[in-house]
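Beneath this line is the structure, given in structure tokens, with notes to follow.
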Amino acid sequence: MDRSSGGGPRWKQISSWVLVVLACILSVISVVTVFTRNQLLNTDTYVNTVAPLASNPAIQTQVAKQVSENLIARTDVETRVKDALPPKAGFLATPITSGLETATNELALKAVQSKQFYTLWVAANRASHKQLVAVLTGSNEGSVSSKNGKVTIDLSQVEVNVKKKLDAKGITVFDKVPAVKGLDFVLFESKDLTKIQKLTKLLNDLAIVLPIVTLLCFAGVVVLTRNRRRGLVRASAGLALSMAV
């Protein structure tokens, strides 16, 4: 058996280099896996990711539309307008109602374009993240809905804010509308939620197992190299190369 050059048995040398390559590959995969897991399951990282959506015009328009339509749907606006008008002016109920709906939507849009909405959006997502993780990991905890593959957050506080802005403009028709809990805004929708839950569980497990296996491979490199210092340098160089990649 060849022990020349102080390298030890040939099988150890080969095994050492195989472990170096394997450890380097696993290092890259581990970093990507842990990063992806943290993006999804870490609250601070998740909130930082979704926070900019509060400034997205498409999101703002959709939220404003949903809030205003929800208020109007729970208020018989046209009937109230008719009751407030003299009998001979009843024909004005429809255009007044239409104008009121337009004004409500415009004020709702201004509300969601404010800094206060950004604060509410961040708070809502932070509060719901625990439940979102529960949905993705298949748990039944929390109040985030996963019905029909939809995951939603509660934006009822946004409705309260819109009603205050309407009051400030003298529009009080919605004052008697009771606050509703569970004004759901769809974060994402998927018919494959079950598959996503399985992938999330796998991702969560791999984020724990892969780093441990990687460290064991690097340790094996040192152990199998006759010159431990050389093995340590080899393992360190491999790790540095992997992190650079």
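Here the sequence shown is numbered in the working numbering, starting from 308 and rising by one per residue.
Glycine included, each C-beta is placed from N, C-alpha and C at the ideal position.
Kindly list the residues whose CB is nearer than 6 Å to the CB of residue i, restricted to its own chain and excluding five residues on each side of it in sequence; keep chain order.
i	result
G538	V528, V529, T532
S450	Since pLDDT at S450 reaches only 44, below the 50 mark, its modelled position is unreliable, and the value read off the structure follows with that caveat. Hits under 6 Å: Q438.
A415	A371, V374, S375, V469
Y425	A361
S297	Look at the range of the chain in this structure, 308 to 552, and you will see that residue 297 is not part of it.
Quick one: residues in its chain with C-beta nearer than 7 Å to the C-beta of residue i, no 5 flanking neighbours on either side, listed in chain order?
i	result
L510	T340, T343, R344
N363	none
T352	N345, Q346
Counting only the same chain and skipping the five closest in sequence on each side, list residues whose C-beta sits under 8 Å from that of residue i.
i	result
V354	V429, N432, R433, H436
Less than 9 Å between the beta carbons of residue i and residue j, yes or no?
i	j	result
I379	L392	no
L360	V520	no
L444	L494	The amino acid at residue 444 is misidentified as Leu; the sequence shows Thr. Not closer than 9 Å, so no.
F481	L490	no
T356	Q369	no
A514	S337	yes
A418	V465	yes
F583	D461	There is simply no residue 583 to check, as the chain begins at 308 and stops at 552 in what is shown.
V440	L517	no
T559	V484	With the chain covering only 308 through 552, there is no way to say anything about residue 559.
A365	F525	no
Could you please give me the residues that DSSP links to residue i through a beta bridge?
i	result
V493	T459
My assumption, with CB atoms under 8 Å, is that residue i sits in contact with residue j. Please give the rounded CB distance.
i	j	result
I478	A410	7 Å
K327	R541	A small correction: the amino acid at residue 327 is Val; Lys does not occupy that position in the sequence shown. Sure, about 6 Å apart at Cβ, within 8 Å.
Q420	Q367	6 Å
>> Quick check for students: name the residue ranges of the alpha helix (DSSP H) that lie wholly in the segment 411-447, counting only runs of 4 or more.
In response: 422-443
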